[in-house]
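Input: a single structure, listed below in structure tokens.
In the numbering used here, the protein residues as written are 3 to 380.
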């Protein structure tokens, strides 16, 4: 197949949020085309834990990806821990590739057209958006807006920018806002070992957090989050995705003594993936007939593990309010409020001299820790 000259809804970005938005649009009776610069099943650095609310939203889309049950959250440091089981039942640890494959299959089954193409430009008028796409075979390997290659022009009634943290749609529509503060990055890899817990473990040190998520009976995923410099980035040098220890594990994992000891003899599966800077801002979520959805619409941090739930809520809201930018902006604000408030607050605490009190406070006030977890998990 090839990208058609016209479509009602063009979704730029074929990750889970883009595919969810495409499914919602198809179920609303709209013609939908999804384009992404990468082909096939897409992997990404993420924590891979679907909290109960996110799992329910995924199941509502008719998708039931394989994984490992998640009973709750555990915050841990070198001397203590605080555990809270989910009141609403388990979530699920799911490999990013498994989630993407299941959503992609569902979208194709429901008539969504998915094509490999790279966004190069867009312009719009009162009736639609003209989108320039690079459909050359090598499109996935270059990000320069002016890069060569055959151009396909598509006329869409609406464009949904679901293209992640470093959204080209956000940049081309003038909605980008420079992020402030010291940047944070994430690294993620997998280990071949049986999960030792059915909780998502969050290990805290003075400079970083490590998230351990069981994703299969014999695989755990580990994601490390830290500020620039604390993940091993050199000024002007390689990004965190390229930084590993001699055994192939994410740089800095040795700082988590309990975790490093558990994983000492476990084989590393695949390569380390990186993401960041995590903090991204947008002026607003709409410009004419363009809408921003998911990470492209603005992102605080991965600290609370809510990315999928919040993104799926936005995908539902944008389709319900496609023709009303102001109403979508209000729906976006409601859908992301808890995530923005709680993540911003916890991030500020984690970046302060009082960072070391986070796990002791959670342990000393389990009712408060439980309330926060339940707020995030719903």
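For glycine and all other residues, C-beta sits at the position ideal for the given N, C-alpha and C.
- Sequence-distant Cβ neighbours of residue 32 in its own chain, meaning closer than 7 angstroms and more than five residues away, are 10, 11.
- In this structure the region 91-105 touches the region 33-48; the number of beta carbon pairs closer than 8 angstroms is three or more.
- The alpha carbon of residue 272 has as its nearest neighbour, out of 66, 224, 34, the alpha carbon of 224.
- Taking the Cα positions, residue 185 is about 8 angstroms away from residue 278.
- Listed in chain order, the alpha helix (DSSP H) runs fully inside the region 147-228 are 170-174, counting runs of at least 4 residues.
- In the DSSP assignment, residue 126 is bridged to 131.
- One alpha carbon belongs to residue 64, the other to residue 160, and they sit about 25 angstroms apart.
- Shown here, residue 38 sits in a strand according to DSSP, grouped into three states.
- Nearest in C-alpha terms to residue 323, of all of 348, 353, 298, 288, is 288.
- In the structure shown, the three-state DSSP call for residue 348 is helix.
- Residue 178 and residue 339 have their C-alpha atoms spaced approximately 20 angstroms apart.
- It is roughly 11 angstroms from the alpha-carbon of residue 285 to the alpha-carbon of residue 181.
- Positions of the beta strand (DSSP E) runs, each at least 3 residues long and wholly inside the region 279-318, are given as 292-294 in order along the chain.
- Residue 268 has its alpha-carbon roughly 15 angstroms from the corresponding atom of residue 190.
- Counted as a single uninterrupted DSSP element, the alpha helix (DSSP H) harbouring residue 23 occupies residues 18-29.
- Looking at the DSSP output, residue 86 bridges to 75.
- Here the region 303-319 makes contact with the region 343-353; the two share three or more CB pairs at distances below 8 angstroms.
- Following the DSSP letters along the chain, one finds residue 271 inside the beta strand (DSSP E) bounded by residues 270-277.
- Under the 8 angstroms Cβ criterion, the region 194-209 does not count as touching the region 156-170, having fewer than three qualifying pairs.
- Between the region 165-172 and the region 65-78, the count of C-beta pairs closer than 8 angstroms stays below three; the two stretches do not touch.
- Using a Cβ-Cβ distance cut-off of 8 angstroms, the region 79-88 and the region 109-129 are not in contact, since fewer than three pairs of beta carbons, one from each stretch, lie closer than that value.
- In the displayed model, residue 60 falls within a helix according to three-state DSSP.
- Distances from the CA of residue 266 to each of 192, 300, 219 were compared; the closest alpha carbon is that of 192.
- Apart from sequence neighbours up to five positions away, the residues of its chain that approach residue 378 with a beta-carbon distance below 8 angstroms are 53, 306, 307, 308, 340, 341, 344, ordered along the chain.
- Here the alpha carbons of residue 355 and residue 89 stand approximately 32 angstroms from one another.
- DSSP places residue 340 within a helical segment (H, G or I) once states are collapsed to three.
- The beta carbons of residue 317 and residue 35 sit no closer together than 7 angstroms.
- In the structure shown, residue 136 adopts extended strand secondary structure according to DSSP, grouped into three states.
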